[in-house]
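> First residue of the sequence shown? That's 38 in our numbering, and the numbers climb one at a time after it. Every residue, glycine too, gets a C-beta built ideally from N, C-alpha and C. The structure displayed is predicted, hence computed values, not measured ones. Once you've had a glance at the structure underneath, I'll fire off some questions.
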Amino acid sequence: MRGDDLTATMVMLAEAGATFGPVHDERWGRITTMTIPGGALISLYQPSHPIP
Numbered sequence: 038m039r040g041d042d043l044t045a046t047m048v049m050l051a052e053a054g055a056t057f058g059p060v061h062d063e064r065w066g067r068i069t070t071m072t073i074p075g076g077a078l079i080s081l082y083q084p085s086h087p088i089p
């Protein structure tokens, strides 16, 4: 699995019990939120811009 594959990362983390918000496509990439124990949200994104 590549670290920049949002869908594959979400599948792997969901298998461990993570839950996610909807995925949004932005001009700079794809973004979602992951809920962690305690209710805090962490953003995850897959860039679509060239990597320097």
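(1) Exposed or buried, Thr56, counting other C-beta atoms within 10 Å across all chains shown (16 or more means buried)?
(2) For Gly66 versus Ser80, is the C-beta distance shorter than 7 Å?
(3) Expressed to the nearest angstrom, what Euclidean distance is found between the alpha-carbon atoms of Leu43 and Thr72?
Checking against the coordinates, here is how it stands:
(1) By the 10 Å Cβ count, Thr56 comes out exposed.
(2) no
(3) 15 Å
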